[in-house]
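Mapping of the sequence shown onto UniProt numbering: residues 1 to 431, in sequence order.
No residue lacks a Cβ here, since even glycine has one placed at the ideal position from N, Cα and C.
Worksheet for the structure shown next.
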Amino acid sequence: MVFSLLSSTLKSFIYLLKSTHSRSTIVITLTTLIACLLVFTMAGQADSMALQAYCSLCLFDLLFIGTALLSSWHVRTTKSNKIHKHQQQQSSLQTSTSATSLFVPTPTSSTFSYGTGRFEVLAVFTSTMLSILGAFFILKESIEKFIENESININYLMPASFITFIVHFIVIYFVPNQAFDHVIAASSSSWLQEHVSDMCQNICHIVPGLSRLLLPRINPFTLLGCCGLFIMFINSFLLSLGYGNFVDTLSSLLMAFMTFGTMVPMSNYSGKILLQTTPAPMISQLDKCLHEASRLDGVLEFRHEHFWALSFGTLVGSLHVRCRRDADEQLVLAHVWNKLANVVQILTIHIFKDDWLRRQTHHFLQSQTMGGGSGAAQASAAMLPPMLPTSVIRPGQQQYTQTINPAFAKSTHELSTYGPTNNDYGFVVVT
């Protein structure tokens, strides 16, 4: 078991070294590991909790690099799967004369029903939550160190701090990480970013060339590293003046609170995606698209609308469309999809026709057969608006389902009670 694990790890490492895109990332990873061992050794010799709190950024850098490698692997895997599936589709089109769909299917995975896109979300959530947990441990250890009141060796404070800052800066700006870049842009600002935003704008007015780094919001990890280095400089200066261990404890507490405030917005954003909620910035746009689609000719109402984020930048949705009896299902399907396709990347649409007249006659005949009421009461009961359950298919009723990305058609059909049959192109018709 251990041998197979080491063998697979070694093969993955060799594969990453052969890839020109990941070779620089591997070199930075090895450098970060060496720097992490060095700075934590110096922090142990200095016996300073503030230095240990600042050097914990190196541990986060390792998690950041792991997320970057996972994101790069996901992008390459997705591209190769699309190319392979497109080649299979072209070969099947040449040998088959069956009806085709307007949408190109993507491969499904029997192991992961949601695909590999959620791996990035889970990696970001894990990295931020581990950093928050580390901040709580720093709070506890800082209080214990203050009670013990041990001496601190200030000779290691600034060298270890500069090494940590340089490594952290290299990892943040020289390791491409699409997952964290999306989270930083989409999540809300941390309290540290809000406090320095005015300062960054004033600096950019003086030096316009810095607007690329400081505007619209400075990178929260860069801001955390700069503020931590400034705190370590003040801590070393005050300790050299003989202010005691209280300064070191206060510095470690400040860095723990800064780490907590920086990671909470990103963990909150990625956690909501894991809980399959609708992203807040997309709600108004979805309402606008649904309002425009509801005004199309033949559309009566939408039911069971559910939209949620599958991964970073990928929105999934499903809805039931009730249309008129004389409406063309294919035309309604195409129009509704056209309104929502720009917002929802993976969309499942269930279309069923209105049978209000049939349900009204059924209620009226049933009330006449059973009796037990006056004619006025029976007529009023027959005139009540019918409730058409979407999970019941009656003779003569048709339902059309279009899955934009049939990679998720399998899971959708398992949850449905219609029992549809699916062809090779993701178009489902139930008669």
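{"query": "Using a Cβ distance threshold of 8 Å, determine whether the stretch 272-284 contacts the stretch 62-81, with at least three qualifying pairs required.", "result": "no"}
{"query": "Threonine 222 to leucine 296, Cα distance in whole Å?", "result": "49 Å"}
{"query": "Am I right that isoleucine 65 and threonine 31 are in contact with their C-beta atoms under 8 Å? What's the rounded C-beta distance?", "result": "Contact flag wrong, Cβ pair sits at about 10 Å."}
{"query": "Could you spell out the range, first to last residue, of the beta strand (DSSP E) harbouring residue 433?", "result": "The requested residue 433 does not occur in the structure, where the chain is confined to residues 1 to 431."}
{"query": "Rounded to whole angstroms, how far is the Cβ of phenylalanine 312 from the Cβ of histidine 168, which I believe are closer than 8 Å?", "result": "Not confirmed; about 23 Å, so no contact."}
{"query": "Which class does valine 175 belong to by DSSP, given the choice of helix, strand or coil?", "result": "coil"}
{"query": "Which residues mark the beginning and the end of the alpha helix (DSSP H) in which phenylalanine 307 is found?", "result": "Counting along the chain, phenylalanine 307 falls outside any alpha helix (DSSP H), though it belongs to the beta strand (DSSP E) covering 299-311."}
{"query": "Quick check: the Cα distance between threonine 249 and leucine 241, rounded to an integer number of angstroms?", "result": "16 Å"}
{"query": "Measure the beta-carbon distance from serine 187 to methionine 266 and round it to whole angstroms, keeping in mind my assumption that it falls under 8 Å.", "result": "5 Å"}
{"query": "Going straight from the alpha carbon of leucine 210 to that of isoleucine 203, what length do you get?", "result": "8 Å"}
{"query": "Excluding the 5 residues preceding and the 5 following leucine 239 in the sequence, name in chain order all residues of the same chain whose CB lies nearer than 7 Å to its CB.", "result": "Ile152, Ile154, Val247 and Asp248"}
{"query": "For asparagine 235, tell me which candidate among Pro220, Asn219, Arg217 and Leu254 has the shortest Cα-Cα distance.", "result": "Leu254"}
{"query": "Alpha carbons only, please: which of Asp198, Val264, Gly228 and Arg217 is nearest the one belonging to phenylalanine 165?", "result": "Gly228"}
{"query": "Locate the alpha helix (DSSP H) running through isoleucine 154, then write down its first and last residues.", "result": "From DSSP, isoleucine 154 is part of no alpha helix (DSSP H); its letter is neither H nor E."}
{"query": "Let me know if proline 220 comes out buried or exposed under the rule of 16 or more other beta-carbons within 10 Å of its beta-carbon.", "result": "buried"}
{"query": "Report yes or no: do the stretch 138-147 and the stretch 282-294 share at least 3 C-beta pairs separated by less than 8 Å?", "result": "no"}
{"query": "Can you list, in chain order, the residues of its chain with a C-beta nearer than 7 Å to that of threonine 262? Leave out the 5 residues immediately preceding and following it.", "result": "Ser190, Leu192, Pro220 and Leu224"}
{"query": "Can you give the Cα-Cα distance for isoleucine 231 and tyrosine 173, rounded to whole angstroms?", "result": "22 Å"}
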